[in-house]
Amino acid sequence: MRPGSGVRPAAAHLVYLAGAYLAGLAIFTVHRLVLFHAVRDRARDIPTGVLLRAFWMGARFDTVVSCYLLFLPLVVLTLAAALGLRSRSWGRHAGTLLGLGYGMAFFAGAADIPFFEYFFSRLTVASLTWTETPGFMLKTVLETRGYYPYIALFAVSWIAFGWAVVGLRRRVLEREAPAFSMRRAAGVLALSLVAAALLFVGARGRTTRKSPIRTGTAFFSTYALANQLGLNATFTFWNSAIEAREQTLSRLKLMDPRRAVDGARRYLGLAGPEAFDSPIARRVAPREERRPLNVVIVIMESMSAERLSRNGGGGLTPRLDDLASRGWSFDHVYTAGIHTFNGVYGTLFSLPSLLSEHPMKGAHCLKPFTGIGRVLREQGYETGFFCTHDEQFDNMGGFLSNNGYGTIVSLKDYPRERVKSTLGVPDHYMFEFAMPTLDRWGRSGRPFLAAFLTASDHTPYVLPQDIPFRPRSGDLSHQMVEYADWAIGHLVDLASKEPWFANTVFAFVADHGAIIDPVYDMPLSFHHTPMILYAPGILGAPRVLDGLGEQIDLGPTLLGLLGVRYVNNTMGVDLLHERRPATYFTADDRIGCLDADWFWVWRRKGRETLYRYRERDTTDHLRERPDVAARLKDYAVSMLQATQWLVDETKAGPQEPVAR
């Protein structure tokens, strides 16, 4: 058949774009099928009808993205057709625009799959956290073989789309352009205006005038996975970029700052006039006898409390299980956020995560902050931070050095032959390497604070072979959990041989958890963390503490145990002597708050919901219990907005009494 035959010349460019749309839609659907296959174990209880509706919803969001991608090619081809320009060359220009646009969308779709597997969230600008260290990011991707199928998926998708578009161009557009005529130009413009109107409606995603399609539109069921499945990665990424820009310009604005500060003071038990420049700063009078104990804090990569046997973890963590049974275990503690930088900041500086804001980067990171490191350094302690990889990652080294940590040990200090990946050395070697430093501090007569950040339970996975450890699991990700647990035990074994061990309190907490059998779109396993204090001969009998707590409470709890007199200018509390009415946390664009029975979720681009989380109930009870939702919302938002105000007003640092 002759190229272009059977197609009216005035409509040829529209047929071409319609074909490109269908090709793109087919590839988006393939990506969604691959995503579903990757998380199929989490979809066992979802009815088939709900899954089919999720795929239909996905086609709607795919169409929204496609309509944006088709607009510029429509303009180019309309001008060429109306003016009688040569179709072949202008078709190539339009094809280039389509290839670039859809190529970026396919890249987002492929990258979205491992992102979703890890965060249980579709792709957002949070994925760009590592772009300031592109070499680190690229090496991490290339060293993680699990990413290779998704790189291949992107390549095959882009090539297949290019093949389809080139075929369409040759069949529909490559013909001699008819001579220019006003009548033909008018016909082309009329048809293109209709097409543009359809693209406008398609880009809005809805025909109602009040509001276009939003992320919340996809939340049609009580099944978190089905709701997420209906979204498009390019849509969520672009929306989050817009939201991030708005947030950068306007900061967190969920409540009037003064009202939030008053609420935070009330929840922290503060009354009377403000004694310091910071309205939430308060003097802490020790309830324990002053004890200059050494403190070792281990921030464990991705170690969800659901991994422990006491929570049905399946025996992957025998050493942590043992430490929890012989020490003090805080069983209902939650991490501030879902990123490592949230965990380091929350644990060591006792401040919550402010949605997607990176607390250790940007201009505000140059301001002073308080926390357990600064407090103990002022008490005469040696202070140090140890990590397996580059300390410049997440600006940890600079931020910690500026805020109380005198020694930073990282990738720069380890022998080159010991470095196994972009994440540096294995956990157990970091602990071994640190021992001479801790021994030197122990002999100096001064107490010390040593904070460790592990990394082995993070891709790229490298399981050490030259150690007396053999995993029982067949799955590599489970093997890495077993290894991370073994390394924790290795640290305790090494330390137990040293003289300073008898005078040391060990604290174990996760930077964040992991996605394990999620029920809600804000998985609780991603925040539920072990918090274990271990100090044989110091703490006495084992204890299980059932009260609600937060990762940010570790510092004040340890300082209380040490009997330190200080000014607490953080949102953390001493869990040994204070109780929280609820606990709150964030996940980039979501806020969660829970008490003993209820779990309230706020979404930046979606509705608020209220669940009975202990029953794993997915029914939204917001309308029937607005009082509960209002109470939890006020608690979480007051604390978060007050924190935003403290940081913005440079009041999160050390405090001196204010003369009144």
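So in my numbering the end of the sequence shown lands on 730, straight run, no missing numbers. C-beta atoms are modelled at their ideal positions from N, C-alpha and C, and glycine is treated no differently. Every value quoted in this text rests on a predicted model; they were computed, and no experiment measured them.
By the 10 Å Cβ neighbour count, where 16 or more other Cβ atoms means buried, how is residue i classified, buried or exposed?
{"i": "Leu493", "result": "buried"}
{"i": "Tyr91", "result": "buried"}
{"i": "Phe270", "result": "exposed"}
{"i": "Glu371", "result": "buried"}
{"i": "Ser395", "result": "exposed"}
{"i": "Arg377", "result": "buried"}
{"i": "Arg677", "result": "exposed"}
{"i": "Thr166", "result": "exposed"}
{"i": "Thr720", "result": "exposed"}
{"i": "Glu11", "result": "With the chain represented from 71 up to 730, any question about residue 11 goes unanswered, as that position is not in the structure."}
{"i": "Val689", "result": "The residue you asked about is not Val; residue 689 is Thr in the sequence shown. Exposed."}
{"i": "His560", "result": "buried"}
{"i": "Ser320", "result": "Legend: pLDDT at Ser320 = 44, less than 50; position of this residue unreliable, value from coordinates given subsequently. Classification of Ser320: exposed, given that the 10 Å Cβ count is below 16."}
{"i": "Ala82", "result": "buried"}
{"i": "Gly384", "result": "exposed"}
{"i": "Arg72", "result": "Confidence at Arg72 is low in this model, with a pLDDT of 44, below 50, so the placement of that residue should be treated as unreliable; the coordinate-derived value is given next. When all chains shown are included, Arg72 counts as exposed."}
{"i": "Arg660", "result": "buried"}
{"i": "Gln549", "result": "buried"}
{"i": "Pro538", "result": "exposed"}
{"i": "Ile312", "result": "exposed"}
{"i": "Pro184", "result": "buried"}
{"i": "Tyr499", "result": "buried"}
{"i": "Arg215", "result": "exposed"}
{"i": "Ile229", "result": "exposed"}
{"i": "Ser480", "result": "buried"}
{"i": "Val717", "result": "buried"}
{"i": "His597", "result": "buried"}
Could you check where the alpha helix (DSSP H) with residue i kicks off and where it finishes?
{"i": "Arg389", "result": "388-396"}
{"i": "Pro593", "result": "First-last for Pro593: undefined, no H or E at that position."}
{"i": "Met466", "result": "466-471"}
{"i": "Thr627", "result": "624-632"}
{"i": "Lys703", "result": "696-718"}
{"i": "Met550", "result": "546-566"}
{"i": "Ile442", "result": "442-448"}
{"i": "Ala68", "result": "For residue 68 there is no data in the structure shown, the boundaries of the chain being 71 and 730."}
{"i": "Gly430", "result": "Rather than Gly, the amino acid found at residue 430 in this sequence is Met. Looking at the DSSP string, Met430 is not in any alpha helix (DSSP H), and its letter there is neither H nor E."}
{"i": "His83", "result": "82-108"}
{"i": "Gly384", "result": "No alpha helix (DSSP H) contains Gly384, which DSSP labels as neither H nor E."}
{"i": "Gln535", "result": "Run containing Gln535: none; DSSP gives neither H nor E here."}
{"i": "Ile336", "result": "According to the sequence as given, residue 336 is Arg; it is not Ile. Segment 327-337, the alpha helix (DSSP H) holding Arg336."}
{"i": "Val120", "result": "118-153"}
{"i": "Thr417", "result": "410-419"}
{"i": "Leu299", "result": "294-299"}
Starting from residue i and walking both ways along the beta strand (DSSP E), at which residues does that stretch end?
{"i": "Arg613", "result": "613-620"}
Based on the DSSP output, what are the partners of residue i in its beta bridges?
{"i": "Arg352", "result": "Asn638"}
{"i": "Gly773", "result": "Any answer about residue 773 is impossible in this case: the structure gives the chain only from 71 up to 730."}
{"i": "Asn364", "result": "Thr574"}
{"i": "His163", "result": "Looking at the DSSP assignment, His163 forms no beta bridge with any residue, so it has no partner."}
{"i": "Tyr404", "result": "His598, Glu620"}
{"i": "Ile369", "result": "Leu523, Val579"}
{"i": "Leu603", "result": "Trp398, Ala577"}
{"i": "Pro727", "result": "Phe346"}
*Please determine if the region 169-180 and the region 111-125 are in contact, where contact requires at least 3 C-beta pairs separated by less than 8 Å.*
no
*asked:* Measuring CB atoms only, is the region 444-456 touching the region 376-389, in the sense that at least three cross pairs come out at less than 8 Å?
replied: no
*Unbroken beta strand (DSSP E) runs of length 3 or more, entirely within the region 638-682: which are they?*
653-656, 660-664, 668-673, 679-682
_For the pair the region 565-585 and the region 401-413, tell me if three or more CB-CB distances fall below 8 Å._
yes
*Along the chain, which unbroken stretches of the alpha helix (DSSP H) at least 4 residues long are found entirely within the region 492-531?*
497-513
*asked:* When you compare the region 635-652 with the region 693-709, are there three or more beta-carbon pairs, one atom per stretch, that lie closer than 8 Å?
replied: yes
*Are the region 599-619 and the region 682-692 in contact at 8 Å, needing three or more beta carbon pairs?*
no
*Between the region 124-131 and the region 150-169, do three or more beta carbon pairs fall short of 8 Å?*
no
*asked:* Using 8 Å as the cut-off, can you tell me whether the region 140-153 makes contact with the region 296-309, which would need three or more C-beta pairs spanning the two stretches below that distance?
replied: no
*Per the contact definition of three or more C-beta pairs closer than 8 Å, is the region 419-429 in contact with the region 484-502?*
no
*Could you pull out every unbroken alpha helix (DSSP H) segment of at least 4 residues lying fully inside the region 209-242, listed in chain order?*
218-238
*Could you say if the region 588-604 and the region 180-191 meet the contact criterion of at least three C-beta pairs nearer than 8 Å?*
yes
*Three or more C-beta pairs below 8 Å linking the region 260-275 and the region 98-107*: no
*Take every Cβ of the region 453-462, pair it with every Cβ of the region 506-524, and state whether three or more of those distances are shorter than 8 Å.*
yes
_For the structure I just gave you, are there three or more beta carbon pairs, one from the region 325-338 and one from the region 620-637, closer than 8 Å?_
no
*Inter-stretch contact (C-beta, 8 Å, three-pair minimum) for the region 334-342 and the region 511-519*: no
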